[in-house]
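Here's the structure, in structure tokens; my notes come after.
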Amino acid sequence: SLPEYNYEVYHSLEEIQSWMHHLNKTHSSLIHMFSLGRSYEGRSLFILKLGRRSQAYKRAVWIDCGVHAREWIGPAFCQWFVREALLTYRTDPAMKKLLNHMYFYIMPVFNVDGYHFSWTHDRFWRKTRSRNSKFHCRGVDANRNWKVKWCDEGASIHPCDDTYCGPFPESEPEVKAVANFLRKHRKYIKAYLSFHAYAQMLLYPYSYKYATIPNFSCVESAAYKAVKALRSVHGIRYRYGPASRTLYVSSGSSMDWAYKNGIPYAFAFELRDTGHFGFLLPEMLIRPTCTETMLAVKNITMHLLKKCP
Amino acid sequence: HLYNNRYAGDKVIRLTPKTEKEAYALKKIYHQLKVDLWQPSSIVHVSEGTVTDVHIPQNSSQALLAFFQEANIKYKILIEDLQKTLENGRSLQTQRNRR
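Protein sequences, first through last, are from chains V and L.
Residues 1 to 309 (our numbering) are what the first sequence spells out, left to right.
Residues 310 to 408 (our numbering) are what the second sequence spells out, left to right.
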């Protein structure tokens, strides 16, 4: 049940998948679990579809966490989001409105093979776990493998590098599965949110070039309000802006691909912290990180629902 | 110990090259030692003014820190012992569950 699962600790992949199965059974009015396919090592790619069931047309928001294996606070937030949504559906008018009017597709662990590997072998693993026939190094950067200026600036052609773009776009089954889903449902999906760590930033396109997106006005105001709301919780400052200027130029990212493929509002969060703990954000900081981020995400989605075309 | 104690003595240090010459020196040594770069995600992004966080193994930390001192590149140790930080980051419940 929701109270028994501890959302303030990091969970293994098996625990997270077991939790998803459990919610699927116990909250069937608001949750539907399905699989997009299988990872390179044969693991299921589970998604939670969250929202009140309706025959009518509903817009949707896609949220993924754990694209990079070592960024554990991402999957922790995805779980927190689902928990909060279920717990506050009846008591929070804003949450009720969101779940009644929209669906949320939540992928708590995108890079299931890498996440498992970071639990069992190498805590600081980043990439997927695919093999390369010509090199002894494994894995592709799942955030450089999308078909948008693929393998250009900010990505590497070398299989041993942490930003390896892969042998070709969507070479990774995880990337291909999500890309196929987003292509198929792009008519409904209005926002794409991807959660990473660490830098305390809220980013929007473009990553691959220095240019302003056509719908900059709505995106920028959504980002501004989100970071303002986030800061109101515990005083934590997030920078925000186009990824190329705020962070660095990188090609082949999921956020840019989502935007290019017709999802008008695409964001990437870089969660806490800014380097004191880095990827080792202590479990006691899961709660404050997730509560502030929750407010930011609700803010973005409410803004998009009300203010943006 | 978690991960068979493999991170014992490893450090995470922060360097911000103040000139392109320092940036070049860092990129060179990062490439040679194939370091685990925490930020930015790639060595190509390292330039003057870029904050770089790098995880260095225990067996090369002395040599690396000596190199930085010799090259007069200022650094800050973010994490003194990665294994300790990793283990201290676990809540009491997680530690109990592991036991």
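Every residue, glycine too, gets a C-beta built ideally from N, C-alpha and C.
> If you count every other CB in all the chains shown that lies within 10 Å of the CB of Glu-283 (chain V), and 16 or more means buried, which is it?
Replying inline: Start at 1 with the first residue of the first sequence, and residue 283 (chain V) comes out as number 283. By the 10 Å Cβ count, Glu-283 (chain V) comes out buried.
> What residues in its chain sit with their C-beta under 7 Å from that of Pro-366 (chain L), if we drop five residues either side in the sequence?
Replying inline: Here residue 366 (chain L) refers to the residue found at position 57 when the second sequence is read from its first residue. Result list for Pro-366 (chain L): Asp-319, in chain order.
> Helix, strand or coil for Glu-270 (chain V) per DSSP?
Replying inline: If you number the first sequence from 1, residue 270 (chain V) lands on position 270. If DSSP states are grouped into helix, strand and coil, Glu-270 (chain V) belongs with the strands.
> Does any CB atom of chain B fall closer than 8 Å to the CB of Met-102 (chain V)?
Replying inline: Going by chain labels, chain B is absent from the structure shown, which instead holds the protein chains V and L.
>> The beta strand (DSSP E) that contains Tyr-312 (chain L), what's its start and end?
In response: Locating residue 312 (chain L) in the second sequence gives position 3, where the first residue counts as 1. Unbroken run through Tyr-312 (chain L): none, as it is neither H nor E.
> Whole beta strand (DSSP E) runs in the region 322-356 of chain L with 3 or more residues, listed along the chain?
Replying inline: 345-348
>> Following a CB-centred definition, is Met-107 (chain V) positioned closer than 7 Å to any heavy atom of the ligand MN?
In response: No copy of the ligand MN appears in this structure; indeed no ligand is present at all.
> So, Ile-386 (chain L) versus Ile-322 (chain L), is the Cβ gap smaller than 8 Å?
Replying inline: Along the second sequence, read from residue 1 onward, the residue named residue 386 (chain L) stands at position 77. Along the second sequence, read from residue 1 onward, the residue named residue 322 (chain L) stands at position 13. For Ile-386 (chain L) and Ile-322 (chain L), yes; Cβs fall inside 8 Å.
> Since Lys-306 (chain V) is in the alpha helix (DSSP H), which residue starts that stretch and which ends it?
Replying inline: Along the first sequence, read from residue 1 onward, the residue named residue 306 (chain V) stands at position 306. 286-307 is the extent of the alpha helix (DSSP H) around Lys-306 (chain V).
>> Using 8 Å as the cut-off, can you tell me whether the region 5-19 of chain V makes contact with the region 108-125 of chain V, which would need three or more C-beta pairs spanning the two stretches below that distance?
In response: yes
>> Looking only at its chain, what residues have a beta carbon closer than 8 Å to the beta carbon of Thr-163 (chain V), apart from the 5 residues adjacent to it on each side?
In response: Here residue 163 (chain V) is taken as the residue at index 163 of the first sequence, counted from 1. These residues qualify, in order along the chain: Asp-141, Arg-144, Gly-154, Ala-155, Ser-156 and Ser-250.
>> Since Leu-271 (chain V) and Phe-124 (chain V) should fall inside the 8 Å C-beta cutoff, what is the C-beta to C-beta distance between them, to a whole number of angstroms?
In response: Translated into the one-based positions of the first sequence, residue 271 (chain V) becomes position 271. Translated into the one-based positions of the first sequence, residue 124 (chain V) becomes position 124. Not confirmed; about 17 Å, so no contact.
> What is the C-beta distance between Ile-106 (chain V) and Leu-48 (chain V), in whole angstroms, given that I count them as a contact (C-beta under 8 Å)?
Replying inline: Numbered from 1 along the first sequence, position 106 holds the residue referred to as residue 106 (chain V). Numbered from 1 along the first sequence, position 48 holds the residue referred to as residue 48 (chain V). Rounded, the Cβ-Cβ distance is 5 Å, consistent with contact.
>> Tell me the residue span of the alpha helix (DSSP H) that contains Val-310 (chain V).
In response: A query on residue 310 (chain V) cannot be resolved here, the shown segment of chain V reaching from 1 to 309 and no further.
>> Let's see if you can read the secondary structure: which residues bound the beta strand (DSSP E) around Leu-30 (chain V)?
In response: Start at 1 with the first residue of the first sequence, and residue 30 (chain V) comes out as number 30. Unbroken run through Leu-30 (chain V): none, as it is neither H nor E.
>> By the 9 Å beta-carbon criterion, what residues does the region 241-252 of chain V contribute toward chain L?
In response: Leu-247, Tyr-248, Val-249 and Ser-250
> With 8 Å set as the bound, which would you pick, yes or no: does the beta-carbon of Arg-405 (chain L) sit closer than that to a beta-carbon of chain V?
Replying inline: Taking the second sequence and counting its residues from 1, the one referred to as residue 405 (chain L) is at position 96. With 8 Å as the cut-off, Arg-405 (chain L) does not count as an interface residue toward chain V.
> According to the neighbour-count rule (16 or more other Cβ atoms, all chains shown, within 10 Å of its Cβ), is Phe-135 (chain V) buried or exposed?
Replying inline: Against the first sequence, residue 135 (chain V) aligns to sequence position 135. With fewer than 16 Cβ atoms within 10 Å of its Cβ, Phe-135 (chain V) is classed as exposed.
> Can you list, in chain order, the residues of the region 331-342 of chain L whose Cβ is nearer than 7 Å to any Cβ on chain V?
Replying inline: none
> Can you check whether the CB of Tyr-103 (chain V) is closer than 8 Å to the CB of Lys-190 (chain V)?
Replying inline: Your numbering for residue 190 (chain V) matches position 190 in the first sequence. Your numbering for residue 103 (chain V) matches position 103 in the first sequence. Taking 8 Å as the Cβ cut-off, Lys-190 (chain V) and Tyr-103 (chain V) do not qualify as a contacting pair.
>> Any beta carbon of chain L sitting closer than 8 Å to that of Asn-6 (chain V)?
In response: Stepping through the first sequence from its first residue, residue 6 (chain V) is reached at position 6. For Asn-6 (chain V), the answer is yes, since a Cβ of chain L falls inside 8 Å of its Cβ.
> So Gly-114 (chain V) is in the alpha helix (DSSP H); what residue range does that whole segment cover?
Replying inline: Taking the first sequence and counting its residues from 1, the one referred to as residue 114 (chain V) is at position 114. Its alpha helix (DSSP H) spans residues 112-120.
> Just reading off the beta strand (DSSP E) that Cys-65 (chain V) is part of, what are its end residues?
Replying inline: Counting from 1 along the first sequence, the entry for residue 65 (chain V) is found at position 65. Per DSSP, Cys-65 (chain V) belongs to the beta strand (DSSP E) from 59-65.
> Since Arg-137 (chain V) and Gly-252 (chain V) are thought to touch, with beta carbons under 8 Å apart, how far apart are those beta carbons, to the nearest angstrom?
Replying inline: Along the first sequence, read from residue 1 onward, the residue named residue 137 (chain V) stands at position 137. Along the first sequence, read from residue 1 onward, the residue named residue 252 (chain V) stands at position 252. Just to set this straight, residue 137 (chain V) is Cys in the shown sequence, not Arg. Between Gly-252 (chain V) and Cys-137 (chain V) the Cβ distance is about 18 Å, and since that is not below 8 Å, they are no contact.
> Is there at least one Cβ from chain L nearer than 8 Å to Asp-162 (chain V)'s Cβ?
Replying inline: As a first step, residue 162 (chain V) is located in the first sequence; it is residue number 162 there, counting from the start. It does: the Cβ of Asp-162 (chain V) has a partner Cβ on chain L nearer than 8 Å.
> Applying the criterion that 16 or more other CB atoms from any shown protein chain within 10 Å of the CB defines a buried residue, is His-354 (chain L) buried or exposed?
Replying inline: Your numbering for residue 354 (chain L) matches position 45 in the second sequence. Buried: at least 16 other Cβ atoms inside 10 Å.
>> Just verifying my parser: in three-state terms, what is the DSSP assignment at Pro-282 (chain V)?
In response: The residue you call residue 282 (chain V) lines up with position 282 of the first sequence. DSSP places Pro-282 (chain V) in coil when its eight states are reduced to three.
>> Could you compute how far the alpha carbon of Ala-310 (chain V) sits from the alpha carbon of Leu-99 (chain V)?
In response: The question about residue 310 (chain V) has no answer here: the residues shown for chain V are numbered 1 through 309.
>> Rounded to the nearest angstrom, what separates Gly-235 (chain V) and Glu-389 (chain L) at their Cα positions?
In response: By 1-based counting over the first sequence, the position of residue 235 (chain V) is 235. By 1-based counting over the second sequence, the position of residue 389 (chain L) is 80. Approximately 27 Å, taken between the alpha carbons.
> Pro-349 (chain L) touches chain V at which residues, Cβ-Cβ below 7 Å?
Replying inline: Working through the second sequence from its first residue, we reach residue 349 (chain L) at position 40. Residues of chain V passing the Cβ test: Tyr-248.
> The beta strand (DSSP E) spanning Tyr-204 (chain V) covers which residue range?
Replying inline: On the first sequence, position 204 is the one that residue 204 (chain V) refers to. Here the beta strand (DSSP E) through Tyr-204 (chain V) covers 201-204.
> Secondary structure at Val-360 (chain L), three-state DSSP: helix, strand or coil?
Replying inline: Reading the second sequence from its first residue, position 51 is the one you call residue 360 (chain L). In the structure shown, Val-360 (chain L) sits in coil (DSSP, three-state: anything other than H, G, I, E or B).
> Does the distance from the C-beta atom of Met-201 (chain V) to that of Leu-247 (chain V) stay below 8 Å?
Replying inline: If you number the first sequence from 1, residue 201 (chain V) lands on position 201. If you number the first sequence from 1, residue 247 (chain V) lands on position 247. Yes, they are a contact pair.
> In chain L, what lies closer than 7 Å to Met-284 (chain V) by C-beta?
Replying inline: The residue you call residue 284 (chain V) lines up with position 284 of the first sequence. Simply Ser-400.
> Given a limit of 8 Å on CB to CB distance, which residues of the region 9-23 of chain V reach chain L?
Replying inline: Val-9 and Tyr-10
> What's the gap between the Cα of Leu-203 (chain V) and the Cα of Ala-268 (chain V)?
Replying inline: In the first sequence, residue 203 (chain V) corresponds to position 203, counting from 1. In the first sequence, residue 268 (chain V) corresponds to position 268, counting from 1. Their Cα atoms are separated by approximately 5 Å.
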